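I have placed the structure first, in the form of structure tokens, so that the comments after it can refer back to it.
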Ligand code: NAD
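Residue numbers (the numbering used here): 35 to 536.
Below, the structure is given as structure tokens:
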């Protein structure tokens with residue numbers, strides 16, 4: 035395991051993008067922020083300052099929301115569904131045409147390995163937009179047979195229309211910057227809403243590039259607005275704004291709770307995609323050659339900074355050592371290094387603060403009596419690298435098993451020949467309920483366990499199956515509402531029932 039110290043040079047297109055004077059994207063124009071303040075963007079692999087971005091203030095929020103409202107009432111409302119499809123497809127093509135640039139920006143902003151960045155830009159970027167492009171022409175209401183109304187002698191017709199909710203404020207986290215932005219933009223645009231997007235302060239770059247492409251492909255001015263800045267300023271102002279109709283938030287449970295409280299003024303719609311602490315349950319008949327790489331991916335994808343991360347591993351006692359030692363063997367040989375190095379298998383954590391938080395959890399694990407199986411150290415030198423770490427323990431009452439760490443730390447525990455309900459009860463012993471997986475060759479056991487796990491999404495013999503078509507969201511403290519798929523359109527739509535008396 036080694037962390038390459040040298041910086042790999044980004045492409046000239048990326049350097050050119052970084053060198054730009056990044057502004058706010060409001061009403062189709064790039065403009066300076068009213069605060070004149072800037073924030074520094076840091077490459078987490080090298081700790082180098084790579085660019086600065088504007089910090090939006092309340093005046094900028096006012097302007098962006100006003101632009102989104104005007105666009106919603108104006109040109110955008112007149113663009114028919116087929117033309118919205120065309121625009122979304124053009125937007126998707128523009129992302130693909132800038133694949134290398136997006137991938138490098140994601141790497142430099144977030145730290146993820148370049149192969150994973152490219153995978154995310156396509157799967158959860160351009161393909162995601164294409165999926166929702168197809169929905170523009172398929173959003174419709176119903177005709178409803180009704181009983182004749184009192185005092186109505188004639189025939190009646192009752193029908194519903196699905197209308198866009200209006201102005202959406204999207205607030206996104208830093209762990210997968212481009213996917214998080216597109217996951218809000220795509221259903222908002224498909225339904226005919228307009229949007230003000232505030233990306234995480236630590237990772238603003240791919241959202242800014244999306245603003246440039248929105249302009250380039252002809253999305254009308256004001257339909258997409260991008261405000262970089264702080265959650266406590268621009269984020270909070272968007273949440274409280276009375277002319278915003280919906281908040282689409284992805285981030286921590288703590289901030290999600292605040293948003294619910296602050297969004298109540300105009301009773302705007304709110305969807306929350308929040309934290310997780312997902313279980314991975316491995317039965318003794320599972321195919322161990324599939325389980326080991328599956329667990330590695332479940333726990334360490336995006337350095338474990340992944341809301342769906344499978345960070346609580348429950349393995350039947352008969353195969354516990356084989357599985358856990360197998361996972362430890364793979365991760366202890368993983369190459370940690372800058373994401374731009376194609377041979378790096380795992381990148382750094384997002385920030386010095388995140389490294390400190392994760393190391394605090396590792397220390398707590400060591401002090402709680404859990405057995406450290408591998409890892410447990412931060413790497414010396416530049417970059418916020420932390421070794422992939424595994425602990426085992428006999429019960430889940432310790433902090434590392436209960437709290438979301440959002441780093442490369444896996445908790446493991448063996449289980450015996452209990453009934454399925456007892457195993458599920460242990461898997462469900464968490465405040466969260468986002469994802470989960472079951473590993474077995476017996477499909478009936480897999481399906482029964484999948485039904486018993488309290489999570490928005492459960493996979494059998496894989497973990498965290500993500501696709502634009504699969505509904506996604508959390509139970510318990512993991513969220514409120516669903517994104518993706520047809521269900522993901524619902525929070526962006528409202529129903530109007532109309533009755534005609536003939
Ligand atoms: P965070 O909650 O600190 O920040 C998320 C976003 O909210 C950022 O853009 C931030 O600026 C903004 N924000 C902060 N305070 C705000 C406020 N008072 N009002 C409005 N906006 C505010 O989360 P993070 O640290 O960026 O991301 C990590 C968290 O996100 C983890 O808990 C992770 O599980 C969660 N997450 C969930 C999903 C999901 O789909 N369920 C996906 C990715 C990340």
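Ideal placement from N, C-alpha and C gives every residue a C-beta, glycine not left out.
If you're wondering where the values come from, they're calculated on a predicted model, not measured in any experiment.
Cβ-Cβ distance between residue i and residue j below 8 angstroms
i, j, result
"residue 325", "residue 348", "no"
"residue 285", "residue 512", "no"
"residue 193", "residue 532", "yes"
"residue 221", "residue 166", "yes"
"residue 239", "residue 74", "no"
"residue 140", "residue 78", "no"
"residue 440", "residue 370", "no"
"residue 537", "residue 273", "In the structure as shown, the chain starts at 35 and stops at 536, and residue 537 therefore has no counterpart that could be examined."
"residue 444", "residue 287", "no"
"residue 119", "residue 168", "yes"
"residue 561", "residue 158", "In the structure as shown, the chain starts at 35 and stops at 536, and residue 561 therefore has no counterpart that could be examined."
"residue 368", "residue 380", "yes"
Span of the alpha helix (DSSP H), counted from its first residue to its last, around residue i
i, result
"residue 307", "Counting along the chain, residue 307 falls outside any alpha helix (DSSP H), though it belongs to the beta strand (DSSP E) covering 303 to 307."
"residue 492", "Unbroken run through residue 492 is the beta strand (DSSP E), 491 to 494; no alpha helix (DSSP H)."
"residue 311", "Unbroken run through residue 311: none, as it is neither H nor E."
"residue 389", "386 to 401"
"residue 150", "148 to 155"
"residue 112", "109 to 112"
"residue 48", "46 to 52"
"residue 506", "Here residue 506 belongs to no alpha helix (DSSP H), and DSSP marks it neither H nor E."
"residue 137", "133 to 144"
Cβ shell of residue i (< 7 angstroms), same chain only, five flanking positions each side left out
i, result
"residue 474", "317, 319, 320 and 480"
"residue 102", "201, 228, 229, 230, 256 and 259"
"residue 188", "535 and 536"
"residue 93", "68"
"residue 40", "Model confidence at residue 40 stands at a pLDDT of 46, short of 50, so the residue's coordinates are unreliable; what they give is reported in the following sentence. Within the same chain, residue 40 has no close Cβ partners at all."
"residue 462", "487 and 488"
"residue 250", "128"
Limits of the unbroken beta strand (DSSP E) element including residue i
i, result
"residue 407", "405 to 408"
"residue 83", "83 to 88"
"residue 420", "No beta strand (DSSP E) contains residue 420, which DSSP labels as neither H nor E."
"residue 196", "190 to 198"
"residue 284", "280 to 284"
"residue 292", "Not the beta strand (DSSP E): residue 292 falls in the alpha helix (DSSP H), residues 287 to 296."
8 angstroms CB neighbourhood of residue i in its chain, flanking five on each side removed
i, result
"residue 253", "121, 125 and 223"
"residue 276", "299 and 300"
"residue 527", "173, 196, 197, 198, 199 and 225"
"residue 46", "none"
"residue 110", "226, 228, 254, 256 and 257"
"residue 66", "57, 58 and 88"
"residue 364", "326, 327 and 330"
"residue 38", "The predicted position of residue 38 is uncertain, since its pLDDT is 44 and thus under 50; no value can be drawn from it."
"residue 510", "464, 465, 466, 467 and 488"
Pick from the options that is closest to residue i, judged by C-alpha positions
i, options, result
"residue 410", "398, 328 and 535", "398"
"residue 53", "42, 60 and 87", "87"
"residue 306", "93, 507, 45 and 77", "507"
"residue 267", "205, 447 and 179", "205"
"residue 162", "171, 216 and 188", "216"
"residue 244", "449, 62 and 457", "62"
"residue 447", "434, 455 and 438", "434"
"residue 323", "114, 358 and 297", "358"
"residue 156", "133, 504, 171 and 138", "133"
"residue 171", "137, 113 and 430", "113"
"residue 496", "471, 502, 504 and 485", "471"
"residue 336", "180, 293 and 382", "382"
Proximal residues to residue i (C-beta, below 6 angstroms), its chain only, five neighbours per side dropped
i, result
"residue 279", "199, 200, 201 and 302"
"residue 460", "none"
"residue 195", "175 and 530"
"residue 36", "Because residue 36 carries a pLDDT of 41, less than 50, the predicted location of this residue cannot be relied on, and the following value inherits that uncertainty. Around residue 36: no qualifying Cβ."
"residue 408", "362, 366 and 424"
"residue 262", "87, 88 and 238"
"residue 104", "256"
Minimum length 3: unbroken beta strand (DSSP E) runs contained in the stretch 227 to 259: 228 to 232
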